[in-house]
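Have a look at the structure below, then the notes.
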Amino acid sequence: MLIILKSYGLFAQQCNYTLTGKVTDLHDNDPIAGAVLQLEPLGTFKMTDSLGFYFFDQLCAGKYELIVAHPSCDTIRKKVLVRNHVHIPIALEHHIDALEEVIVVDSKQKKITQSVATQQLTAAQLTRYSSQDLASALKNISGVTTLKTGTGIAKPMVHGLYGSRIGIVRNGMRLRDQEWGADHAPTVDLNAFDQVELVKGAAVLQYGGDTPGGLVVMSTSRRLPKDSLFGKMITTGASNGRGGAWAGQLQRTSSNGNFIKLQSSLKRFGDFEAPKYVLSNTGLQQQHFLVELGRTKITKGWDAGYSYFSNRIGILRAAHIGNVSDLARALASDTPLRINPFTYAIGAPQQKSSHQTLTFHAFQWFSDTFKGNLDYNFQHNHRYEFDVRRGNRSDQSAVDLRLKGHELTTHFVWIPNGFWDLNFGVSGLWQDHFANPTTGVKRLIPDYLKYQAGGFVTLTQKQVNKLKVETGLRWDYVFWDAQKYYNQSLWQERNYATLYSNFVQKEFSNQILVRPQLGFSNWAYHMGATLDWHPQWESSFSFIQSQRAPNAAELFSDGLHHSLATIERGALDLAQETIRKMLFQTSYTADKAQWQISAHYAHLLNYIYIAPTTIEQTIRGAFPVWQYTSTESRIWGLDADLSYQFNAQIGFSASASWLRGWDLEKEDYLITIPPVNLYQNWHYKPLRWKRLNFFTEIDLVGAQNRFPDTNFTIDLLTNEGSVTKGIDVSTPPPAYGLVDFGVTLFLSTLVPENNILTITCSNLLNTQYRDYLDRMRFYADAMGRSIQVQWAYKF
Amino acid sequence: MKKSSLLNLGLPIYLALILSFTLTQCEKETPEMINEEELITTVTLSISAPSKTTRNVQWKEGAQTPEITLDSNKTYSVEISFLDESDPSDVENITEEVIEEAEEHVVFYETNLNGLSIQSASNDVTDSDGNPVGIKTNWQTPAAGEQGTLRIYLIHEPTTKTATTRAAIGGETDVEVDFLVRINE
Chain A
32 MLIILKSYGL FAQQCNYTLT GKVTDLHDND PIAGAVLQLE PLGTFKMTDS LGFYFFDQLC
92 AGKYELIVAH PSCDTIRKKV LVRNHVHIPI ALEHHIDALE EVIVVDSKQK KITQSVATQQ
152 LTAAQLTRYS SQDLASALKN ISGVTTLKTG TGIAKPMVHG LYGSRIGIVR NGMRLRDQEW
212 GADHAPTVDL NAFDQVELVK GAAVLQYGGD TPGGLVVMST SRRLPKDSLF GKMITTGASN
272 GRGGAWAGQL QRTSSNGNFI KLQSSLKRFG DFEAPKYVLS NTGLQQQHFL VELGRTKITK
332 GWDAGYSYFS NRIGILRAAH IGNVSDLARA LASDTPLRIN PFTYAIGAPQ QKSSHQTLTF
392 HAFQWFSDTF KGNLDYNFQH NHRYEFDVRR GNRSDQSAVD LRLKGHELTT HFVWIPNGFW
452 DLNFGVSGLW QDHFANPTTG VKRLIPDYLK YQAGGFVTLT QKQVNKLKVE TGLRWDYVFW
512 DAQKYYNQSL WQERNYATLY SNFVQKEFSN QILVRPQLGF SNWAYHMGAT LDWHPQWESS
572 FSFIQSQRAP NAAELFSDGL HHSLATIERG ALDLAQETIR KMLFQTSYTA DKAQWQISAH
632 YAHLLNYIYI APTTIEQTIR GAFPVWQYTS TESRIWGLDA DLSYQFNAQI GFSASASWLR
692 GWDLEKEDYL ITIPPVNLYQ NWHYKPLRWK RLNFFTEIDL VGAQNRFPDT NFTIDLLTNE
752 GSVTKGIDVS TPPPAYGLVD FGVTLFLSTL VPENNILTIT CSNLLNTQYR DYLDRMRFYA
812 DAMGRSIQVQ WAYKF
Chain B
1001 MKKSSLLNLG LPIYLALILS FTLTQCEKET PEMINEEELI TTVTLSISAP SKTTRNVQWK
1061 EGAQTPEITL DSNKTYSVEI SFLDESDPSD VENITEEVIE EAEEHVVFYE TNLNGLSIQS
1121 ASNDVTDSDG NPVGIKTNWQ TPAAGEQGTL RIYLIHEPTT KTATTRAAIG GETDVEVDFL
1181 VRINE
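Which chain is which? The protein sequence lines are A and B, in order.
Letter by letter, the first sequence follows residues 32 to 826 in our numbering.
Letter by letter, the second sequence follows residues 1001 to 1185 in our numbering.
Take a look at the structure:
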């Protein structure tokens, strides 16, 4: 932008006036350095310094026109009358190209939190995983692993924490699905979002203080008030599973600020295949539809939306077992005990979920320095699980859980100057969970109402002598009001009869109706600092405390897990978890190389986990009973990321993570801690064929040698008598390595990113392997080779 | 910047909607008690020696391992039944469902008592392929003095029905119960 001052006439010749001011970003008050200001008719050029200030002096009195310019901003023209020293602050509207989805991981870019490691997925990564899922897209970030239940179900795990300890945020509000299940994948469609950012800790308190594992922040790009029609389409086909996916979106924006967005995606796969056999009954299908409309006028705006997500996922048939002796036979076999020919049909056991969201957001800048946001959503999540049942009941679900809720949050931002800002707000959540009795199977999770209310305040102090400091505090009150039937025998055994007699509602012959009402007061706080101590070096330190109330499974679970041949029981006497985590990170940026290392250490008080207790003899045989309990533990580790550009053709990036978990009370290793992992990506851009890019990825996963012993024994009858056999469910599988290879072809020369054909071969070497964090590792190998062809088109 | 009434327009409507949702559902209904349908609580063996009265030996969840005393060198006719006695006033006979789904079920008998031989009876229930299900069996006892454990399985969707070991039969175990068997002198 050019600031042009034109003089319109002759005035008294006083020529020692100054024109000064600061140029900032209209949306967030960040100073804009390098804006060009032109003074006409003098023809003088000035540029804003690193703090956004500009300075003209020796000016004569008169009328001028100021034109301010900056790349990717709208030009501003201002008429200025100089009769004395003049001070004019300028707010520029940063022009974000609505098609811009290539977000390069840049250590200097604006972060949602100042001091905790955040990493964004690139547009290429989001597109590549279009036919897969969120957890798979995140897995190559250092410190992130995936907890899987076979090929169709994956949950993100950060620093060994998953489930209720990870928050997923969609356009500013938390996803409220039944995340307590290790085999419950998040009910989100990756294709509905333009940006996905991972925060490795509960450092963004506006979204909650109960996510010690971190946050996955998914958002849609900002819309601009200009007339435009744009969209994209991604079509994918994959050989393993013989299926594919289609995702498309269309957006219309107008100069008056109105916009409408339609997005949809479909996915369909048949049985997936391991290198040596078909993984029978692992087909899946998924549908998603979203409509959003609203009006954004830069200083205020609102939007409303509705989205519908549904899926149906087959669970490996061979994993549905009766009791531990069935499990013993499955473990003894190298291959799954049931292998059928490939089919697209999905039968029992299977999962069906749906998730509907109704949203409303509104924001307004009440003054130059004060902004308010109001967010509301209604979410409705429904999960069915179908077991293989007797008497033609396989079509009737064994689990039918419906969770619906309303959430309202307010968020205010006060930016009095460029040096510090204050964020604060209050929020409320109300949920109603209903477990349908028509299943004919005792409820896994009982009926309950859950209320939550809280507030937060965050203070961020920006660039002062290269030091940025951030501190925040959050308080939430969580209240559970459940109604649960306990077996009389269990009620007595666990001593609940004495401890919780006040919750008893009604007694029956062998069941007792209990109404537990439990309240938890959770405090979370965060302190962090970042120091730019060298042009190429930056270090940050952060301390976070998060407190998490136990979830529905931890408190009330009561049921048989068919694929693990275990009975799981909750515990009413669990206290909330208090997790204190320290993160220290250093990063280096230069022309060719960039790297960052972060060390983290967490102390977990009342860390809730599930552990085997006794073996229960039922009519179905023996089942180990796993009971939710709590302990004091520590989790610590190192994450490293590196990228190096050798020359214009060859580039390299890698990420590695190392993690340890230790149970302080039991003096033993924690269960399900991911082993050491090294991921490398080599990319090559040939000089001659500019339209082609190649990449190779190598993922090396170590063997986890530090794990607790959860083995047990069973009695087998032989001719000589009873033989005791040890069942090993603890030992993790051996280390493995996977190679992926891909080619990207840019089909158009005009805007190469808009028309891309990618052919990727994952598990190129068709490696046979099993992963420690895959609950299906007892029954079958993981997925074999798959060739994916994908066409991504944007307009 | 001028203050606007944008939020004033939408806000009351939404607050009203929210309140209406919450107020109508503040009190939750009492949940219905569930009595599991396919629950098997009891396994009954009706044991009859030729020209003698039938006696029943039952395996019940929570009770001690039941004992069966048999005479030596005899053949007994045994019929097994599976019951749901969780509601004593309404006892369900699950054996009927097993017989209806004969293709998907087999009863397997495993013992470490030398010489006890259990074979499918001639009037045993068979599936559409002619495979016996194992509901009616003949037990041939050995010479005196032996005792051992008899383990009876009800297997759902076996891989094969005509194998001789539990591992070879495959499938999912719905019932796995032990009986202590003594052979009289």
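Note that CB positions come from ideal geometry on N, CA and C, so glycine has one too.
Close to ARG360 of chain A, with beta-carbon spacing below 7 Å, are these residues of chain B in chain order: ALA1167.
GLN209 of chain A sits buried, since 16 or more C-beta atoms from the chains shown fall within 10 Å of its C-beta. Assigned with DSSP and collapsed to three states, ASP1129 of chain B falls in coil, not helix or strand.
Looking at the DSSP output, MET264 of chain A shares a beta bridge with A:GLY279, A:TYR824. For PHE587 of chain A, the enclosing alpha helix (DSSP H) covers residues 583 to 587.
With a contact defined as Cβ atoms closer than 8 Å, GLY815 of chain A and ASN271 of chain A qualify at about 6 Å. Under the three-state reduction of DSSP, MET188 of chain A is assigned to strand.
Counting along the chain, VAL355 of chain A sits inside no beta strand (DSSP E); it lies in the alpha helix (DSSP H) bounded by residues 355 to 363. Interface annotation, HIS413 of chain A: not in contact with chain B, CB-CB separation never under 8 Å.
THR330, LYS331, TRP333, HIS351, ILE352: these are the residues of the segment 326 to 352 of chain A whose beta carbon lies less than 8 Å from some beta carbon of chain B, given in chain order. The beta carbon of GLU1092 of chain B does not come within 8 Å of any beta carbon belonging to chain A, so the residue lies off that interface.
For LYS1028 of chain B, the C-beta contacts it makes with chain A under 9 Å involve ASP463, PHE465, ASP478, TYR479, LEU480, ASP512, GLN514, in order along the chain. The alpha-carbon separation between VAL1043 of chain B and ILE1099 of chain B amounts to approximately 15 Å.
The beta carbon of GLN548 of chain A lies closer than 6 Å to those of ASP512 in the same chain, with the five residues before and after it left out.
ILE1118 of chain B has a beta carbon lying at 8 Å or more from every beta carbon in chain A. Assignment of ARG691 of chain A by DSSP, reduced to helix, strand and coil, places it in the strand class.
For ILE1169 of chain B, the enclosing alpha helix (DSSP H) covers residues 1166 to 1169. Against chain A, the beta carbon of PRO1031 of chain B has neighbours under 9 Å at PHE465, ALA466, PRO468, ARG474, PRO477, ASP478, GLN514, LYS515, TYR516, LEU544, listed in chain order. Taking a C-beta cut-off of 8 Å against chain B, the contacting residues of the segment 739 to 759 of chain A are LEU748, THR749, ASN750, GLU751, GLY752, SER753, listed in chain order. Note on geometry: alpha-carbon atoms of ARG108 of chain A and GLN317 of chain A lie some 51 Å from one another. The segment 792 to 811 of chain A and the segment 178 to 187 of chain A touch, with no fewer than 3 CB-CB distances between them shorter than 8 Å. Between THR1141 of chain B and ILE1183 of chain B, the gap from beta carbon to beta carbon is short of 8 Å. Non-local beta-carbon contacts of PHE84 of chain A in its own chain, meaning distances under 6 Å to residues more than five positions away in sequence, involve LYS53 in chain order. About 5 Å separates the beta carbons of LEU315 of chain A and PHE300 of chain A, which is inside the 8 Å limit, making them a contact pair. The three-state secondary structure of ARG196 of chain A, taken from DSSP, is helix.
Burial is judged here by how many other beta carbons sit within 10 angstroms of a residue's own beta carbon; GLN680 of chain A has fewer than 16 and is exposed.
When DSSP reads this structure, SER573 of chain A sits in a beta bridge with A:GLY559, A:LEU614.
For SER425 of chain A, none of the residues of chain B pass the 7 Å Cβ criterion, the least Cβ distance being about 10 Å. Interface flag for ARG1151 of chain B against chain A is set, since a Cβ pair is found closer than 8 Å. Contact check for TRP451 of chain A against TYR482 of chain A fails: the beta carbons are separated by 8 Å or more. Distance from the CA atom of MET249 of chain A to the CA atom of GLN226 of chain A, rounded to whole angstroms, is 6 Å. Along the segment 1115 to 1140 of chain B, none of the residues has a CB nearer than 7 Å to a CB of chain A. Excluding its 5 nearest sequence neighbours in each direction, VAL457 of chain A has C-beta neighbours in its own chain below 6 Å: THR441, GLY486, listed in chain order. The C-beta of THR55 of chain A comes no closer than 8 Å to any C-beta of chain B.
A distance below 6 Å between beta-carbons, with the five flanking residues on each side excluded, links ASN786 of chain A to the following residues of its chain, in chain order: LEU778, SER779, TYR824. Counting only the Cα atoms, GLY668 of chain A lies some 20 Å from GLU696 of chain A.
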